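K.L.:
Chains as they are written, first to last, in my numbering: chain A, 1 to 354; chain B, 1001 to 1354.
1. To test your reading of the DSSP string, which unbroken beta strand (DSSP E) runs of 3 or more residues are found completely within the stretch 222-254 of chain A?
2. Tell me, which residues are paired with residue 1145 of chain B by DSSP?
3. Between the stretch 32-44 of chain A and the stretch 60-77 of chain A, can you find at least three pairs of beta-carbon atoms closer than 8 Å?
4. Have a look at residue 79 of chain A and residue 153 of chain A and give me their C-alpha separation to the nearest angstrom.
5. Quick one: residues in its chain with C-beta nearer than 6 Å to the C-beta of residue 217 of chain A, no 5 flanking neighbours on either side, listed in chain order?
6. 9 Å is my cut-off, CB to CB: does residue 253 of chain A come that close to chain B?
7. In the stretch 1234-1245 of chain B, which residues sit with their C-beta less than 8 Å from some C-beta in chain A, listed in chain order?
8. Return the residues of the stretch 142-170 of chain A that lie within a Cβ-Cβ distance of less than 9 Å from chain B, sorted by chain order.
9. Interface residues of chain B around residue 297 of chain A at Cβ under 8 Å?
10. Under 9 Å between beta-carbons, which chain A residues line up against residue 1262 of chain B? List them in chain order, please.
11. Within 8 Å, do at least three Cβ pairs link the stretch 1232-1246 of chain B to the stretch 336-351 of chain A?
12. Below 8 Å on the Cβ atoms is my guess for residue 1324 of chain B versus residue 1063 of chain B; work out the distance and round it to an integer in Å.
13. If you reduce the DSSP assignment to three classes, tell me which class residue 1367 of chain B lands in.
14. Specify, as a first and last residue, the run of the alpha helix (DSSP H) that residue 337 of chain A falls within.
15. So if I threshold CB-CB distances at 9 Å, which residues from the stretch 1186-1206 of chain B count as touching chain A?
16. Do you know offhand how far residue 22 of chain A's Cα is from residue 1026 of chain B's?
17. Give, in chain order, every unbroken run of the alpha helix (DSSP H) that is at least 4 residues long and sits entirely within the stretch 1020-1101 of chain B.
18. Please say whether residue 237 of chain A and residue 133 of chain A have beta carbons closer to each other than 9 Å?
19. Going by the CB atoms, is the gap between residue 280 of chain A and residue 146 of chain A shorter than 9 Å?
20. Using C-beta distances below 8 Å, list every residue in its chain close to residue 1163 of chain B, excluding the 5 sequence neighbours before and after it, in chain order.
21. Helix, strand or coil for residue 345 of chain A per DSSP?
22. Within the 9 Å Cβ cut-off, does residue 273 of chain A reach chain B?
23. At 4 residues or longer, what runs of the alpha helix (DSSP H) sit wholly inside the stretch 1163-1208 of chain B?
24. Using only CA atoms, which one of A:254, A:320, A:97 lies nearest to residue 139 of chain A?
25. Less than 9 Å between the C-beta atoms of residue 255 of chain A and residue 1059 of chain B, yes or no?
26. How is residue 1122 of chain B classed by DSSP in three states: helix, strand or coil?
27. Is it true that the CB of residue 89 of chain A sits closer than 9 Å to the CB of residue 171 of chain A?
28. Do residue 1033 of chain B and residue 1087 of chain B have their C-beta atoms closer together than 9 Å?
29. Cβ of residue 112 of chain A less than 9 Å from any chain D Cβ?
30. Following the continuous alpha helix (DSSP H) through residue 296 of chain A, name the residue where it begins and the one where it ends.
31. Does residue 1242 of chain B pass the burial test, meaning 16 or more other C-beta atoms within 10 Å, or should it be called exposed?
32. Check whether chain B comes within 9 Å of residue 217 of chain A, counting only Cβ atoms and requiring the distance to be less than that.
33. Using a Cβ cut-off of 8 Å, pull out every chain B residue sitting near residue 117 of chain A, in sequence order please.
34. Smallest Cα separation from residue 141 of chain A: which of A:81, A:160, A:167?
35. I'd like the list of long-range same chain contacts for residue 126 of chain A, defined as Cβ closer than 7 Å, with 5 residues on each side in sequence excluded.
36. Flag this pair as yes or no: are the beta carbons of residue 1044 of chain B and residue 262 of chain A separated by less than 9 Å?
Okay, here's the thing in structure tokens:
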């Protein structure tokens, strides 16, 4: 026999037309804007996976619609859209905001900086998250790691680089801070739309270009026309970024807040691993099809000059912002400590196992 | 005015004595047994963090009690306890079960095998999870990655190793498969309880020992009495393991299953990063206190002999089990592909940035 309680519950369920477990269910509908196009794997996969696992973990109480750049038409407007509340979230990269706020530059990656595990250690255990929180507070936004590309390649070159002289007047597509470093060495840094890059490289309008790494370079086809693939120095661990509107997060019940935060954390790590896999697979494929691709490291004279230029640019920027200086100092101090461990663990292990 | 629905809901809530949102809340109480003691950080932190975030994400609907080894008294009995249902979960390491089932050996780490990001790539994107699922199915258990220690050090030695001759008769504490490899090279492999290791090394009962890495070695104090710290070869990426009773998992509602699976995944990644940080910090501290510690790599002749012995032992094991052979082949094929990427990305980057 059913007791009185059961009868009341059943009656209530009948009246509301829902099962008893769903009676109190309030659904939150969010929108997330990405900087990426709808097929830019693996970048776009992180927010898509986020939406999927958030829906599953919340039993449908938090639904996140992912709008790729072709939908909202403003790939580099996503910070403002989250700030203004048109979107509750975004998936993007912090270094895109250096023009708005120089203090947001170092939360993606820095030339000659930390590798992915080193940088995650800095974020989560070495004070990085606290510095990022502080930097984004004035934008009324919360920022979280959003997936790491791992070490990015230095780029595709039509000719070998043997000395500093070979850089003088070299026409290269390399945007952002890394471009500023190379400009100091006499490189003629240009910007060209992604869709025109292949033709520009093929026709010699540019001599070289930097894109990402095998996983994303393979679709661009640069390996078919430029045989030298230089190793990276400028983006050793590009961490993408989730942006969340502060007020929107606060309005969620505590359990949904936690579900969202954990989902951001796990999809970020996952994208790092997914891209590691994609790089390995794409590189194998490229090499098979074009066995003459040569992996090269820039000569020591060039490396040293780039390190010097990098240092000078950082000093200039730091002078303008004490907050930036604090962040860069934190990264430098952490790098020094953690690199000693990386050297005696993975580096020396790999040296004997290549 | 309240409608009829509201009145019924309120009535139901009054009768049951709960708020409307909690009316249908069923609480699942689980127990997790660890192989570790209650203070063995960072290993014990992974399941503790798991319990915490599962409780928060589920709004208290899934509560996991973590029992350390001092409570259940059976550190290496946790597989059987999960199989038998006394515990719904465990946190341990798969290579402990090689005596019960040789096919479970390779899911932790293998000598000269993959690094942590390489191995996570294999698990999640290279077929590793499917092979692990298959291997554990006959035990009616589900197994998930549970946190990576990163590259473990080769151990503390009182004297330098300059040749294969120096290994003959050397008394070393090194358990498991790595011990078998060294035994083939003439090392006198011994096992000594952890609590007696320091005295044994100090008095010369043993000449060397393998423990973990700076984060966990520092408390043992070996650096005070053995100046040579050899780099690792035997456990390049020790992945701990969550075990879950199949039936217990199926009894959870779908959303709680997903919460648990995501919580395992994120706490595993997190432990890898936490230990990376702890290693960097502990190594800095050790070096400061004992600046004479020398980090050494075993000479090439020794490395080559170990690689040969390792290959022979793997071939012997594989002959006894076609399933083991399948798993090892999958790892070998993946390693070959992924290592090419590791070399041209992180390895060559680090080479120029040490």
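In this text, a Cβ means the ideal position worked out from N, Cα and C, and glycines have one as well.
Fair warning: this is a prediction, and the values are worked out from it, not measured in the lab.
P.N.:
Taking the structure as given:
1. 228-230, 239-245
2. B:1241
3. yes
4. 27 Å
5. 211
6. yes
7. 1236
8. 150, 151, 152, 153
9. 1348, 1351, 1352
10. 53, 56, 57, 259, 262, 263, 266
11. yes
12. Not really, about 38 Å apart at Cβ, beyond 8 Å.
13. The requested residue 1367 of chain B is not part of the displayed model; chain B covers only 1001 to 1354.
14. 322-342
15. none
16. Any reading at residue 22 of chain A must be qualified, since the residue scores a pLDDT of 49, below 50, and its modelled position is unreliable; the value itself is stated next. Their backbone Cα atoms lie some 13 Å apart in a straight line.
17. 1045-1057, 1069-1072, 1078-1084
18. no
19. no
20. 1299, 1301, 1302
21. helix
22. yes
23. 1176-1184, 1197-1203
24. A:97
25. yes
26. helix
27. no
28. yes
29. No chain D appears in the structure shown, which is made up of the protein chains A and B.
30. Here residue 296 of chain A belongs to no alpha helix (DSSP H); instead the beta strand (DSSP E) covers 294-296.
31. buried
32. no
33. 1116, 1117, 1150, 1272, 1273, 1276
34. A:81
35. 334
36. no
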